[in-house]
Amino acid sequence: MKLPLYIQIVIALIIAAIVGILLGAGHPIIDKGIIEHLVLPCTLIIKALRTLATPLIFLAILHTFISADLPGKSGSKLVFLLMSNTVVAIIIGLFVSNILHPGSGGKLGIATPTEKPNVKPLDPWSLVSDVIPDSIVKPLVDNNVISLIFVALAFGIVLRAIKTEQMAKSQTEYQTIERIISLLFDAVIRILHWVIKLVPLAVFGIVSKTIALQGFEPFQSLGAFVLAVLLALTLQTIYYLIRLRFGTWVSPRKFIIGARDALVSAFCTASSTATMPITFDCLVNKIGLRESSASLGVLVGGNFNHDGTALYEAMSALFISQVIGQHLTLAQQLMVVLTSIVASVGAAGIPEAGLVTMTLVLTSVGLPTEYVAILITIDWFLDRCRTTINVLGDMTVSALIDGKKATI
Ligand code: ASP
Numbered sequence: 001m002k003l004p005l006y007i008q009i010v011i012a013l014i015i016a017a018i019v020g021i022l023l024g025a026g027h028p029i030i031d032k033g034i035i036e037h038l039v040l041p042c043t044l045i046i047k048a049l050r051t052l053a054t055p056l057i058f059l060a061i062l063h064t065f066i067s068a069d070l071p072g073k074s075g076s077k078l079v080f081l082l083m084s085n086t087v088v089a090i091i092i093g094l095f096v097s098n099i100l101h102p103g104s105g106g107k108l109g110i111a112t113p114t115e116k117p118n119v120k121p122l123d124p125w126s127l128v129s130d131v132i133p134d135s136i137v138k139p140l141v142d143n144n145v146i147s148l149i150f151v152a153l154a155f156g157i158v159l160r161a162i163k164t165e166q167m168a169k170s171q172t173e174y175q176t177i178e179r180i181i182s183l184l185f186d187a188v189i190r191i192l193h194w195v196i197k198l199v200p201l202a203v204f205g206i207v208s209k210t211i212a213l214q215g216f217e218p219f220q221s222l223g224a225f226v227l228a229v230l231l232a233l234t235l236q237t238i239y240y241l242i243r244l245r246f247g248t249w250v251s252p253r254k255f256i257i258g259a260r261d262a263l264v265s266a267f268c269t270a271s272s273t274a275t276m277p278i279t280f281d282c283l284v285n286k287i288g289l290r291e292s293s294a295s296l297g298v299l300v301g302g303n304f305n306h307d308g309t310a311l312y313e314a315m316s317a318l319f320i321s322q323v324i325g326q327h328l329t330l331a332q333q334l335m336v337v338l339t340s341i342v343a344s345v346g347a348a349g350i351p352e353a354g355l356v357t358m359t360l361v362l363t364s365v366g367l368p369t370e371y372v373a374i375l376i377t378i379d380w381f382l383d384r385c386r387t388t389i390n391v392l393g394d395m396t397v398s399a400l401i402d403g404k405k406a407t408i
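Written as structure tokens, this is what we have:
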């Protein structure tokens, strides 16, 4: 019998705690150099995540443009709702982080890289000129998310236009490229699944090493971070309920009762994609939305709208900057907003996908990606919470599209 990933991670955490205590819990009983080697699987996994991040985002954007079906007026309403909800989620995340400072005074036990990160003061001109890459492959090579988006958007818009023209003339050549993009997207996600399977090993390594060398102190600031994220996700839920109350015919109470199965499934599977059929069923059969509104919110939103992920990525960036004392200016926080939007669109609806795209958010403001390692240890839990919000966000959007008039 195969154990679910979260059980494997919990087991890894327990074994790691035992090994960490046996190795000295802060007063190492063997050579520190040997203990440091425990971090190796984690380093390799983060490297692999970084490698996958750019192709994942690139293909996700192309895939969105070429395959999303947005019927006329509700299409633009949908895009507006998705974007506004995501921006609100990020603002809530940044607000809570800026007020509570969960990372201040914390030590996470990761050696701060000796190389000073390459943080340029953000001047608007360099921002604009950095958008256009020197060559088409450079954004992929440099993991530069902003110019990557630029290239992907350019191709996405053109491919969409070609598809529309060909469809009008009943031509079908576009289908080949559509299939190739979809195939490559699926392939990247499959490789991502392989990497994710190794996460328990990474958790074991990083936790046992941290406990052995520093004891349990580093985990205290992680506790503050978990609470801050939970608070921000709760505020986002309140925001959804207010939008539902004033923008739809469904009462927030009826909505939450009808959405229960989907929310529980999202929490249990940590995958908004796996939850999709249940989400659709709840919207249509339990809440009573029109099928058209439900399918728009679930299919389009479910694939590309991850408000919980966006909120989490922005909070993680701020948390790491607080831990290492590298203050993020307002301009850099704006960059975090921008990249978190993209990162949440690019994150697949599968467990731990947010960690992959997070590497890009961190790189964009010059934060070290090494710290993703320590976040892996709590991600098995926070992933479930943000996935629940991802699904709640899609359901809210469906209800808002359904409008103020009930079907009967
Ligand atoms: N697990 C999330 C989802 O399926 C994505 C993430 O890792 O943030 O929606």
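392 is the number that our numbering gives to position 392 of the sequence shown; each next residue is one higher, with no gaps.
Glycine included, each C-beta is placed from N, C-alpha and C at the ideal position.
query = Which stretch, first to last residue, makes up the alpha helix (DSSP H) that contains residue 342?
reply = 330-346
key: Buried versus exposed, by CB contacts within 10 Å (16 or more), residue 165   = exposed
inquiry  = Let's test the definition: count the other Cβ atoms within 10 Å of the Cβ of residue 327 and tell me whether it reaches 16, buried, or not, exposed.
reply    = exposed
message = My output table needs one value for residue 194: the three-state DSSP class, helix, strand or coil.
response = helix
query = Taking the Cβ atom as the reference point for each residue, do residue 186 and residue 289 lie within a distance shorter than 7 Å?
reply = no
message = I need the DSSP call for residue 45, collapsed to helix, strand or coil.
response = helix
message = Judging by CA-CA distance, which residue of 17, 154, 37 and 20 is the nearest neighbour of residue 62?
response = 154
ask   = For residue 378, which residues from the same chain have a beta carbon less than 7 Å from its beta carbon, with the 5 sequence-adjacent residues on both sides left out?
value = 222 and 226
ask   = Using the C-alpha atoms, what's the distance from residue 171 back to residue 249?
value = 42 Å
task = Return the Cβ separation of residue 391 and residue 316 in integer angstroms, given the expectation that the two are a contact with Cβ distance under 8 Å.
result = Wrong, their Cβ atoms sit about 20 Å apart, outside the cutoff.
request  = Decide yes or no for the touch test of the segment 30-45 against the segment 199-216: beta carbon pairs closer than 8 Å, at least 3 of them.
outcome  = yes
query = With C-beta atoms as the reference, is residue 90 less than 7 Å away from residue 340?
reply = yes
ask   = In this structure, does DSSP put residue 28 in helix, strand or coil?
value = coil
inquiry  = Check this for me: beta carbons of residue 358 and residue 291, under 7 Å apart or not?
reply    = no
ask   = Using the C-alpha atoms, what's the distance from residue 57 back to residue 65?
value = 12 Å
ask   = Which parts of the segment 257-281 are runs of the alpha helix (DSSP H), unbroken and 4 residues or longer, counting only runs that do not cross its ends?
value = 272-281
inquiry  = Tell me whether residue 349, by its Cβ, gets closer than 6 Å to a heavy atom of the ligand ASP.
reply    = yes
query = Tell me which same chain residues have a C-beta within less than 7 Å of the C-beta of residue 9, skipping the five on either side of it?
reply = 199, 200, 203 and 380
Residue 386 CB to nearest heavy atom of the ligand ASP below 6 Å = yes
Assigned exposure category for residue 285 - 16 Cβ within 10 Å defines buried = exposed
query = From residue 400 to residue 393, what does the alpha carbon distance come to, in whole angstroms?
reply = 10 Å
ask   = Roughly how many whole angstroms lie between the Cα atoms of residue 83 and residue 34?
value = 48 Å
ask   = Excluding the five sequence neighbours on either side, which residues of its own chain have a C-beta within less than 8 Å of the C-beta of residue 136, listed in chain order?
value = 151
Exposure of residue 404, with buried meaning 16 or more beta-carbon neighbours within 10 Å = exposed
message = Please report the distance separating the alpha-carbon of residue 173 from that of residue 182.
response = 15 Å
ask   = Any heavy atom of the ligand ASP within a distance shorter than 6 Å of the CB on residue 394?
value = no
beta-carbon residue 390 near the ligand ASP non-hydrogen atom, thresh 6 Å = yes
request  = Look at the alpha carbon of residue 277 and the alpha carbon of residue 269, and state the distance between them as a whole number of angstroms.
outcome  = 13 Å
inquiry  = Quick test of your reading: residue 310 and residue 86, contact by CB under 8 Å. State the CB separation rounded to the nearest angstrom.
reply    = 5 Å
query = Is residue 115 buried or exposed, if buried means 16 or more other CB atoms sit within 10 Å of its CB?
reply = Here residue 115 scores only 46 on pLDDT, less than 50, and its place in the model is too uncertain to base an answer on.
message = Can you tell me whether residue 309 sits near the ligand ASP, meaning its C-beta is under 6 Å from at least one heavy atom of the ligand?
response = yes
key: Contact test: residue 354 Cβ vs the ligand ASP heavy atom, cutoff 6 Å   = yes
ask   = Span of the alpha helix (DSSP H) holding residue 210?
value = 199-214
message = Applying the 10 Å Cβ sphere with the 16-neighbour rule, what's the burial state of residue 329?
response = exposed
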